[in-house]
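Here the structure is laid out as structure tokens; the discussion comes afterwards.
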Amino acid sequence: MSIDQLAEIAQAMVAPGKGIIAIDESTATIKKRFDGVGIECTEENRRAYREMLLTTPKLGDYISGAILYDETLRQSTKAGVPFTKVMMDNGILPGIKVDLGAKPLAGFPGELVTEGLDGLRDRLKEYAKLGAKFAKWRAVITIGEDAPSGTCIEANCHALARYAALCQEAGIVPMVEPEVLMDGEHDIDTCYEITEVTLRSLFGALYEHNIMLEGTILKASMVVSGKDCPEQASVEEVAEMTLRCLKSAVPATLPGIVFLSGGQSDDDATAHLDAMNRMGAKPWPLSFSYGRAMQSAALKLWSKDLTGNIAAAQQTVYARAKANGLAALGKWTKGA
Numbered sequence: 001m002s003i004d005q006l007a008e009i010a011q012a013m014v015a016p017g018k019g020i021i022a023i024d025e026s027t028a029t030i031k032k033r034f035d036g037v038g039i040e041c042t043e044e045n046r047r048a049y050r051e052m053l054l055t056t057p058k059l060g061d062y063i064s065g066a067i068l069y070d071e072t073l074r075q076s077t078k079a080g081v082p083f084t085k086v087m088m089d090n091g092i093l094p095g096i097k098v099d100l101g102a103k104p105l106a107g108f109p110g111e112l113v114t115e116g117l118d119g120l121r122d123r124l125k126e127y128a129k130l131g132a133k134f135a136k137w138r139a140v141i142t143i144g145e146d147a148p149s150g151t152c153i154e155a156n157c158h159a160l161a162r163y164a165a166l167c168q169e170a171g172i173v174p175m176v177e178p179e180v181l182m183d184g185e186h187d188i189d190t191c192y193e194i195t196e197v198t199l200r201s202l203f204g205a206l207y208e209h210n211i212m213l214e215g216t217i218l219k220a221s222m223v224v225s226g227k228d229c230p231e232q233a234s235v236e237e238v239a240e241m242t243l244r245c246l247k248s249a250v251p252a253t254l255p256g257i258v259f260l261s262g263g264q265s266d267d268d269a270t271a272h273l274d275a276m277n278r279m280g281a282k283p284w285p286l287s288f289s290y291g292r293a294m295q296s297a298a299l300k301l302w303s304k305d306l307t308g309n310i311a312a313a314q315q316t317v318y319a320r321a322k323a324n325g326l327a328a329l330g331k332w333t334k335g336a
């Protein structure tokens, strides 16, 4: 696939007023979500839940793509229609999570490095045949005492760059996700410092691996106070510092940036995105790639009656998509 084709897909992922829904939870992660609402984590229940999400009427009005798990990419609706066809027919690009999770970084207690490069070239070839247009790889950066180390940041950014190169070789747009976790007592200034260092390391590694930025999307965490910090930054401060950090470290040639919700409440994630998009011209579109912030309310409704509450659950999914789509334009009003 040419760079022009990759760039076209990347631009479609951040089309005005649209964002990405992340439904790529591993079996272990979705089991925790299902356990929380009293649903048995069977393959059929997982399939039915994701069918409810992906068949939400008019979802494509505000959703440009969906990140899927390996199992989901291969599944179909109850009527036998592949999920990838349902998505493409509704203008939603299929994406795929390809990393194998964050594991302990040897020699650096408490720090993590994401694994999954072994065999990735062959997996990407298969995913492309199955219809995947973009992929996602998540790195995890933890803030703590003497952490993160330079080694942790460098190892994760090197892996992100190698993954991105393999994606572009396979004709798939890489979404690179270096998540700086909210966990901890750190203040927003510390989060800013670590996020900036991480992003500079990431784009240095992407450059060294000859990544075509025009066909790449950044999935970024926002610059926020740690969850246990006694002083929580305001919406305006989060928006201002996140934008300043991105402008200092992210090249303007990137087609767009989507944010992860990262443990924020539904409204906080939307409010922060909206505030950033009200702050004047930016080098790139700013949109969303939310998981829990898109799904949590719908999961609770759906879990009460796996068949009877589908319409109500889908209305909630659509409402969350619309709210975040408006926030991506800087036009969201809380409660509207």
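Numbering (UniProt numbering), first residue to last: 1 to 336.
Idealized CB from N, CA, C, for every residue including glycine.
What you are looking at is a predicted structure, and each value in this text was computed from that prediction instead of being measured.
| query | result |
| --- | --- |
| Grab me the residues of Pro283's own chain with a C-beta within less than 6 Å of its C-beta, minus the 5 sequence neighbours each way, in chain order. | Ala252 |
| Using a Cβ-Cβ cut-off of 7 Å (strictly less than) and excluding sequence neighbours within five positions of Ala7, which residues of its own chain qualify? | Glu214, Gly215, Pro255 |
| CA-CA distance, Tyr127 and Ile92? | 16 Å |
| I want to know whether the stretch 237 to 251 touches the stretch 29 to 45 - three or more CB-CB distances under 8 Å. | no |
| Look up residue 337 in the DSSP assignment and say whether it is helix, strand or coil. | In the structure as shown, the chain starts at 1 and stops at 336, and residue 337 therefore has no counterpart that could be examined. |
| Please classify Ile3: is it buried, with 16 or more other beta-carbons within 10 angstroms of its beta-carbon, or exposed? | exposed |
| Are the beta-carbon atoms belonging to Thr72 and Ile141 less than 8 Å from one another? | no |
| Between Leu160, Pro109, Ile63, which has its C-alpha nearest Ser201's C-alpha? | Leu160 |
| So, are the CB atoms of Ala321 and Tyr62 less than 8 Å apart? | yes |
| Are the CB atoms of Ala164 and Leu124 nearer to each other than 8 Å? | no |
| Can the beta-carbon of Ala293 be found closer than 8 Å to that of Ala271? | no |
| Tell me whether Ser303 counts as near the ligand GTP, meaning its Cβ is closer than 7 Å to at least one heavy atom of that ligand. | By its list of ligands, the structure shown contains no ligand whatsoever, and the ligand GTP lies outside what it can speak to. |
| To the nearest angstrom, report how far apart Ser76 and Ser265 are at their CA atoms. | 31 Å |
| Near Gln11, what residues of its chain come up, given a Cβ to Cβ distance below 7 Å and the 5 sequence neighbours on each side ignored? | Pro255 |
| DSSP on Thr114, reduced to helix/strand/coil? | strand |
| Give a yes or no on whether the C-beta atoms belonging to Thr242 and Val223 are separated by under 8 Å. | yes |
| Any idea what DSSP makes of Phe83, helix, strand or coil? | helix |
| Roughly how many whole angstroms lie between the Cα atoms of Ser149 and Glu185? | 18 Å |
| Within the same chain, show all residues whose beta-carbon is closer than 8 Å to that of Leu329, passing over the 5 residues directly before and after it, in chain order. | Pro16, Gly17, Asn277 |
| At which residues does the beta strand (DSSP E) containing Ser296 begin and terminate? | First-last for Ser296: 292 to 304, but that is the alpha helix (DSSP H), not the beta strand (DSSP E). |
| Just list the alpha helix (DSSP H) runs in the stretch 8 to 68, keeping only unbroken ones of 4 residues or longer that don't cross its boundaries, in chain order. | 27 to 36, 43 to 54 |
| Hey, quick one: how far does the alpha helix (DSSP H) through Ala313 stretch, first residue to last? | 310 to 327 |
| With DSSP collapsed to three states, give me the class of Glu231. | coil |
| Roughly how many angstroms separate the alpha carbons of residue 353 and Ala297, rounded to a whole number? | Because the chain in this structure spans residues 1 to 336, residue 353 falls outside the shown range and cannot be described. |
| Give me the Cα-Cα distance between Ala105 and Thr114, rounded to the nearest whole angstrom. | Note that residue 105 corresponds to Leu in the displayed sequence, not to Ala. Distance between the alpha carbons of Leu105 and Thr114 is about 9 Å. |
| Which of helix, strand or coil does DSSP assign to Ser201? | helix |
| Just the C-alpha distance for Met175 and Ala312, rounded to the nearest angstrom, thanks. | 31 Å |
| Using only the alpha-carbon positions, how far apart do Glu25 and Gly101 sit? | 11 Å |
| Taking the continuous alpha helix (DSSP H) assigned at Ile153, which residues delimit it? | 150 to 169 |
| What separation, rounded to the nearest whole angstrom, lies between the Cα atoms of Ala239 and Ala275? | 6 Å |
| Kindly indicate which three-state DSSP category Met279 falls into: helix, strand or coil? | coil |
| Report yes if the C-beta distance between Pro94 and Gln314 is below 8 Å; otherwise report no. | no |
| Quick one: grab the DSSP three-state call for Leu181. | coil |
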